[in-house]
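Per UniProt numbering, numbering through the sequence shown is continuous, rising by one, with the last residue being 478.
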Amino acid sequence: MIVILSNLMFYFLVDPSDIYASEQDPGSKDALDFRHHNYKEMRKLMKSVTEECPDITHIYTIGKSYMGFKLYVMEISDNPGKHELGEPEFRYVAGMHGNEALGRELVLNLMQYLCREYKKGNQRVVRLVTETRIHLLPSMNPDGYEAAYEKGSELAGWAEGRYSFEGIDMNHNFPDLNNIMWDAQEKAADPSKVAPETRAVISWMQDIPFVLSANLHGGELVVTYPFDCTRDWAPQEDTPTADDAFFRWLAAVYASTNLVMANPDRRICHYEDFQSHNNIINGGAWHTVPGMNDFSYLHTNCFEVTVELSCDKFPHTSELPIEWENNKESLLVYMEQVRPSRETMMSNESNLKSSVLSPHLPPVAADGDYWRLLNPGEYKVVVWAVGYFPSMRRCQVGSEPHPTVCDFTLTKTPIQRLKDIRAKGGKIPQDLQLRLRALRLRKLRASTKAINQRRESQRLQEQLLQRRRARSSGARRA
């Protein structure tokens with residue numbers, strides 16, 4: 001006897017002009033817009049969020065794709081539009097590979113969720129919004145996404161839309177800071193090969209002092225952490241950073257709260273079982289890539305991990321509600337890691353603008369605050385800036401549920417004070433002029449005295465030499 005099993009699939013047709021038509025989809029209790037959004041629909045949804053929550057949202061662009069699509073970012077903060085003293089900067093980036101669509105939709109879901117829960121008074125969300133400046137980039141590669149979207153989740157191939165319109169894999173398009181000079185000298189590296197989307201993200205990283213980030217991908221179930229690029233370009237080699245313990249913690253925070261990754265009975269996606277690594281792995285130990293994570297860490301000191309969200313790169317619309325539930329807690333708890341003091345130090349001194357800190361040079365915001373993710377312990381921090389005397393102090397990072405404050409006040413050098421006076425069109429005070437004249441006089445006298453002493457020493461040496469010669473000549477005559 002032959003038994004034939006048949007699976008019947010039913011889909012509901014919705015009005016594509018209704019951005020909330022799918023709010024009642026099963027799989028999630030959150031009333032969000034669970035469907036795939038092309039560029040036009042994404043922009044419409046983002047606009048609707050700003051209209052619903054104008055006090056905490058702001059949309060801006062960081063550049064354009066090769067085909068001219070704007071790279072939109074949603075900022076969510078209690079005071080959107082500017083950096084606030086004592087408030088760390090956080091970012092999620094999705095859609096680096098255009099066909100990995102789940103990250104894009106999760107970021108759009110997150111915008112809606114934060115807006116609505118803030119309005120409801122959800123204390124967890126209120127704390128996130130008021131204490132953190134959140135930046136959400138849903139589509140880094142809109143050209144690639146549009147190509148994949150046209151085919152749809154059922155027909156798009158494994159690599160359909162992965163690359164930019166120019167055929168560039170953006171995750172391989174960031175400078176390798178360990179080899180960039182060698183490449184330029186030995187390989188005559190062509191700067192035009194950097195995609196406009198990559199340039200836009202690099203400028204974004206440089207303009208905003210981000211502290212923590214995650215890059216959302218698809219096709220696996222694992223969280224990777226730097227270094228992603230091995231030192232000798234070996235295909236697979238564990239390549240830890242100096243902050244390896246902390247990176248492992250960040251990766252574990254996301255992986256352990258993801259409902260699918262944390263499920264011991266889940267199936268593997270392809271051929272690698274990452275459960276033996278607790279669903280986290282060093283990027284270089286998986287496969288070497290000189291990508292955005294390494295660049296973010298080395299160039300801007302922002303800690304970033306890559307999250308492979310799902311086995312399916314472009315899940316069907318019907319699967320989006322459950323994928324949101326799988327990742328919602330992870331997305332929230334990962335953002336919260338930017339705040340605890342055991343990971344952060346800050347300064348609120350406004351005279352630290354344009355200064356540099358050691359170790360690992362964390363960026364300093366225009367109003368003087370800085371952040372560094374750290375494990376508990378004692379750290380020696382050195383601050384220096386042009387026109388100021390350097391300052392050093394030891395900072396103790398504890399385990400309290402708030403940032404550890406480690407302030408510096410830099411003192412201007414006398415020369416810098418004079419430059420400031422002259423720059424403002426002012427005159428040097430009379431008493432300062434007298435002091436400077438006296439100082440120059442002392443220096444001149446000291447210099448003259450030193451010259452005279454050298455001359456006198458030379459004269460005495462010459463006299464001594466002449467006497468020795470005379471004695472030697474008299475001895476030979478005798």
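Even glycine gets a Cβ: it sits at the ideal position worked out from N, Cα and C. It should be emphasised that the depicted structure is a prediction, and the values quoted were computed from it without experimental measurement.
Here the alpha carbon of VAL364 sits roughly 32 Å from the alpha carbon of GLY121. Burial check for TRP233: the Cβ neighbour count within 10 Å stays below 16, so the residue is exposed.
Rounded to the nearest whole angstrom, the C-alpha separation of GLN112 and GLY283 is 31 Å. In this chain, the beta strand (DSSP E) harbouring ILE281 covers 280–282. The beta carbon of LEU212 sits closer than 6 Å to those of PHE90, PHE303 and VAL338, all from its chain and outside the five residues before and after it, given in chain order. In this structure, ASN79 keeps its C-beta atom at 8 Å or more from the C-beta atom of ARG162. SER203 counts as exposed, since fewer than 16 other C-beta atoms from the protein chains shown sit within 10 angstroms of its C-beta.
For TYR334, the enclosing alpha helix (DSSP H) covers residues 320–336. Ranked by Cα distance from PHE274, the first of VAL222, ASP238 and THR317 is VAL222. The Cβ atoms of GLU75 and HIS97 do not sit closer than 8 Å to each other.
Distance from the CA atom of CYS229 to the CA atom of PRO240, rounded to whole angstroms, is 10 Å. Nearest Cα to ASP176 within the set GLU319, SER48, HIS299 and SER28: HIS299.
By the criterion of a C-beta distance shorter than 6 Å, ALA251 is surrounded in its chain by VAL223, TYR225, ILE280 and VAL305, once the five residues flanking it on both sides are discounted.
Spanning the alpha carbons of TYR72 and GLY425 requires a straight line of approximately 43 Å.
Taking 8 Å as the upper bound for CB-CB distance, PHE389 and PRO290 are not in contact here, some 39 Å apart. HIS402 and TYR370 have their C-alpha atoms spaced approximately 15 Å apart. Between the alpha carbons of ASP244 and MET392 lies a distance of about 25 Å. For LEU106, the uninterrupted alpha helix (DSSP H) run begins and ends at 101–120, by DSSP.
Between the C-alpha atoms of ILE134 and ARG417 there is a straight-line separation of about 38 Å. VAL307 sits close to TYR254, with the two beta carbons spaced by under 8 Å.
Per DSSP, the continuous beta strand (DSSP E) segment holding LEU216 begins and ends at 210–217. Ranked by how close their Cα comes to the Cα of LYS70, the residues ARG445, ASN327, PRO196 and GLU400 have PRO196 in first place. Between the alpha carbons of ARG231 and MET170 lies a gap of roughly 20 Å. As for any beta strand (DSSP E) of minimum length 3 sitting wholly inside the segment 54–78, the runs are 57–64 and 70–76, ordered along the chain. Ranked by Cα distance from ARG35, the options PRO88, SER77 and GLY103 are led by GLY103.
Burial check for HIS217: the Cβ neighbour count within 10 Å reaches 16 or more, so the residue is buried.
The C-beta separation of GLU325 from SER28 comes to about 5 Å, placing the pair in contact by the 8 Å criterion. In the structure shown, GLY377 falls within a strand segment according to DSSP collapsed to helix, strand and coil. Fully contained in the segment 192–262 are the following alpha helix (DSSP H) runs of length 4 or more, in chain order: 196–207 and 244–257. Between ASN38 and TYR149, the beta carbon gap of about 5 Å places them in contact (Cβ cut-off 8 Å).
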